[in-house]
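Peer 1:
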Amino acid sequence: MPELPDVEIYRRRFERSTRGRRVEGVEARDSQVLVGVGGRRLDRDLRGVRFTGTQRRGKTLYGVTTDGPHLRLHFGMTGDLVVLDKGPCQGEPRHTRVVFGLSGGRRLLFVDQRRLGEVGVVQDVDADIADHDLGPDALDLAPPELASLLRKSQAGLKAFLVDQSQLAGLGNIYTDEILFQARLDPRTAAADVGDSGVRRLHRQLHRVVDRAVAAEADPQAMPRGWLIHRRDDGAACPRGNGSIRSFSVGGRRGYWCPGCQAGRH
DNA sequence: GGCAATGTTAGCCG
DNA sequence: TCGGCTAACATTGC
1036 MPELPDVEIY
1046 RRRFERSTRG
1056 RRVEGVEARD
1066 SQVLVGVGGR
1076 RLDRDLRGVR
1086 FTGTQRRGKT
1096 LYGVTTDGPH
1106 LRLHFGMTGD
1116 LVVLDKGPCQ
1126 GEPRHTRVVF
1136 GLSGGRRLLF
1146 VDQRRLGEVG
1156 VVQDVDADIA
1166 DHDLGPDALD
1176 LAPPELASLL
1186 RKSQAGLKAF
1196 LVDQSQLAGL
1206 GNIYTDEILF
1216 QARLDPRTAA
1226 ADVGDSGVRR
1236 LHRQLHRVVD
1246 RAVAAEADPQ
1256 AMPRGWLIHR
1266 RDDGAACPRG
1276 NGSIRSFSVG
1286 GRRGYWCPGC
1296 QAGRH
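In this note's numbering, the protein residues as written are 1036 to 1300.
Rendered as structure tokens:
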């Protein structure tokens, strides 16, 4: 779930659900996901505050307060943000790790099956972004900046796109989709992507992310022609251009269509 | 039981 | 120094 589109959905959900409400208390059910704070301090730091907005950099979400500390959320592999209003049938889902109690009986839940997510508090959002060495948000990159980052890199294209210090937000699944839509070979060197390749990459990055957000990051609601429905070795290419193959990058499995993408840059 | 799964990061090697 | 690879983190489901 949590790549840039998912986190953007969470960001909007966070903003909508906290607007006009105060934090009445924070309950850490599982201190494993807490980073740099204990449960007591998390509660003490946030009790009584109103969030004035949100900020997202790549896959990291911040709940911003007037004078800090600000809430920092990272969703790992299985993190989710759930809003529960008071009323019947409002039981907490399994794997609820942290509960933010809001005024009016609303609860905001950090749910994370695998517990690789992180909940913490930071004094300064920009300093935190620097600490984590996050590059510009993937959606904030104009084509010339993208071109310049690509040219400076010595990495392969797929490795470049998932590197959060180059551009923040893309992960395994959406980089595969963007490369497929842009008809770029994931094996080419980032620096070898030509002008037309950069333009296609930029356009498809935005198109894929925008449509994924519009689909509420639910793959079922994404276009039929997308690779996301064919992440299987030997699956048929959605364009009828042969079969999908997998490859390995940085310990994960990537998928591509040699018929559409091989040799293209 | 084995394996893989949307992320991050430390350690190793070339 | 950089990039690529592996393992580890923790949990679940096929």
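Where a beta carbon is used, it is the ideal one built from N, C-alpha and C, also for glycine. All values derive from a computational prediction rather than experimental measurement.
Let me know the secondary structure DSSP gives GLY1136 once reduced to three states.
Peer 2: Within the first sequence, residue 1136 is the residue found at index 101, counting from 1. Three-state result, GLY1136: strand.
Peer 1: Let's test the definition: count the other Cβ atoms within 10 Å of the Cβ of ASP1166 and tell me whether it reaches 16, buried, or not, exposed.
Peer 2: For the purposes of this step, residue 1166 is taken as the residue at position 131 of the first sequence. It is exposed - the Cβ of ASP1166 has fewer than 16 other Cβ atoms within 10 Å.
Peer 1: What number of angstroms, rounded off, separates the C-alpha of ARG1047 from the C-alpha of GLY1204?
Peer 2: For the purposes of this step, residue 1047 is taken as the residue at position 12 of the first sequence. For the purposes of this step, residue 1204 is taken as the residue at position 169 of the first sequence. When rounded, the distance between both Cα atoms is 16 Å.
Peer 1: At what residues does the beta strand (DSSP E) containing PHE1145 begin and finish?
Peer 2: Locating residue 1145 in the first sequence gives position 110, where the first residue counts as 1. PHE1145 -> beta strand (DSSP E) spans 1142-1147.
Peer 1: Counting beta carbon pairs with one atom in the segment 1048-1060 and one in the segment 1129-1148, are three or more of them shorter than 8 Å?
Peer 2: With a cut-off of 8 Å, the segment 1048-1060 and the segment 1129-1148 count as touching, because enough Cβ pairs lie within range.
Peer 1: Nearest by alpha-carbon distance to PRO1040: which of ARG1287, LEU1192, ALA1173 is it?
Peer 2: In the first sequence, the residue the question calls residue 1040 occupies position 5. Ranking ARG1287, LEU1192, ALA1173 by Cα distance to PRO1040 puts ALA1173 first.
Peer 1: Are ASP1147 and ASP1115 touching if we call contact CB-CB under 8 Å?
Peer 2: By one-based count along the first sequence, residue 1147 stands at place 112. By one-based count along the first sequence, residue 1115 stands at place 80. Contact: yes.
Peer 1: Report the residue ranges of all alpha helix (DSSP H) runs contained in full by the segment 1158-1222; include only those spanning at least 4 residues, in chain order.
Peer 2: The qualifying runs are 1160-1166, 1178-1187, 1192-1197, 1207-1216.
Peer 1: Check whether the segment 1207-1226 and the segment 1260-1275 touch, using three or more Cβ-Cβ pairs below 8 Å as the test.
Peer 2: Because the criterion of three Cβ pairs below 8 Å is met, the segment 1207-1226 and the segment 1260-1275 touch.
Peer 1: Looking only at its own chain, which residues have a Cβ that is under 8 Å from the Cβ of ILE1164, when we skip the five neighbours before and after it?
Peer 2: For the purposes of this step, residue 1164 is taken as residue 129 along the first sequence, with counting starting at 1. Result list for ILE1164: ARG1092, THR1095, in chain order.
Peer 1: For ARG1056, I'd like the list of residues in its chain whose CB is within less than 8 Å of its CB, leaving aside the five on either flank, ordered along the chain.
Peer 2: Here residue 1056 refers to the residue found at position 21 of the first sequence. Once the five neighbours on either side are set aside, the close Cβ partners of ARG1056 are ARG1085, LEU1137, SER1138, GLY1139, ARG1141.
Peer 1: Could you have a look at VAL1284 and say whether DSSP puts it in helix, strand or coil?
Peer 2: For this step, residue 1284 is matched to residue 249 along the first sequence. VAL1284: strand per DSSP, three-state reduction.
Peer 1: With DSSP as the reference, identify every bridge partner of PHE982, one or two as the case may be.
Peer 2: In this structure the chain extends from 1036 to 1300, so residue 982 is not present and cannot be described.
Peer 1: Just to confirm before moving on: does the CB-CB distance between VAL1156 and PRO1104 stay below 8 Å?
Peer 2: For the purposes of this step, residue 1156 is taken as the residue at position 121 of the first sequence. For the purposes of this step, residue 1104 is taken as the residue at position 69 of the first sequence. Yes, they are a contact pair.
Peer 1: Beta carbon of ASP1220, beta carbon of ALA1297: below 8 Å?
Peer 2: Within the first sequence, numbered from 1, the residue matching residue 1220 stands at position 185. Within the first sequence, numbered from 1, the residue matching residue 1297 stands at position 262. In this structure, ALA1297 lies closer than 8 Å to ASP1220 by Cβ.
Peer 1: Tell me, to the nearest whole angstrom, how far the beta carbon of THR1053 is from that of GLY1098; I am working on the premise that it is less than 8 Å.
Peer 2: Walking along the first sequence from the start, residue 1053 turns up at place 18. Walking along the first sequence from the start, residue 1098 turns up at place 63. 7 Å between Cβ atoms; contact.
Peer 1: Short of 7 Å in beta carbon distance, which residues of its chain neighbour LEU1176, apart from the five on each side in sequence? Order them along the chain.
Peer 2: Here residue 1176 is taken as the residue at index 141 of the first sequence, counted from 1. Cβ neighbours of LEU1176 beyond the five flanking positions: LEU1202.
Peer 1: Apart from the five residues on each side of it in sequence, which residues of its chain come closer than 6 Å, Cβ to Cβ, to GLU1038?
Peer 2: Here residue 1038 corresponds to residue number 3 of the first sequence, with the count starting at 1. GLY1206, TYR1209.
Peer 1: If you reduce the DSSP assignment to three classes, tell me which class VAL1228 lands in.
Peer 2: Position 193 of the first sequence, counting from 1, holds the residue named residue 1228. Three-state DSSP puts VAL1228 in coil, outside helix and strand.
Peer 1: Locate the beta strand (DSSP E) running through GLY1114, then write down its first and last residues.
Peer 2: Along the first sequence, read from residue 1 onward, the residue named residue 1114 stands at position 79. First-last of the beta strand (DSSP E) with GLY1114: 1114-1119.
Peer 1: In this structure, how does DSSP classify VAL1072 when only helix, strand and coil are distinguished?
Peer 2: Position 37 of the first sequence, counting from 1, holds the residue named residue 1072. Correct three-state label for VAL1072: coil.
Peer 1: The beta strand (DSSP E) spanning LEU1108 covers which residue range?
Peer 2: As a position in the first sequence, residue 1108 is number 73, starting the count at 1. Run containing LEU1108: 1105-1109, per the beta strand (DSSP E) assignment.
Peer 1: Find the nearest neighbour of ALA1225 within the set ALA1182, GLY1083, HIS1241, ASP1168, judged by alpha-carbon distance.
Peer 2: Here residue 1225 refers to the residue found at position 190 when the first sequence is read from its first residue. Among ALA1182, GLY1083, HIS1241, ASP1168, the Cα nearest to that of ALA1225 is on ALA1182.
Peer 1: Can you tell me which of THR1223, TYR1290, VAL1118, VAL1160 puts its alpha carbon nearest to the alpha carbon of SER1188?
Peer 2: As a first step, residue 1188 must be located in the first sequence, where it is residue number 153. The shortest Cα separation from SER1188 among THR1223, TYR1290, VAL1118, VAL1160 belongs to THR1223.
Peer 1: Taking the C-alpha atoms as reference points, what is the distance between ARG1076 and THR1089?
Peer 2: By 1-based counting over the first sequence, the position of residue 1076 is 41. By 1-based counting over the first sequence, the position of residue 1089 is 54. Taking the straight line from one Cα to the other gives about 21 Å.
Peer 1: Expressed to the nearest angstrom, what Euclidean distance is found between the alpha-carbon atoms of PHE1195 and ASP1161?
Peer 2: Indexing the first sequence from 1 puts residue 1195 at position 160. Indexing the first sequence from 1 puts residue 1161 at position 126. Rounded to whole angstroms, PHE1195 to ASP1161 spans 23 Å at the Cα level.
Peer 1: With which residues is GLU1062 paired in a DSSP beta bridge?
Peer 2: What you label residue 1062 is simply residue 27 of the first sequence in a count that begins at 1. Looking at the DSSP assignment, GLU1062 forms a beta bridge with VAL1134.
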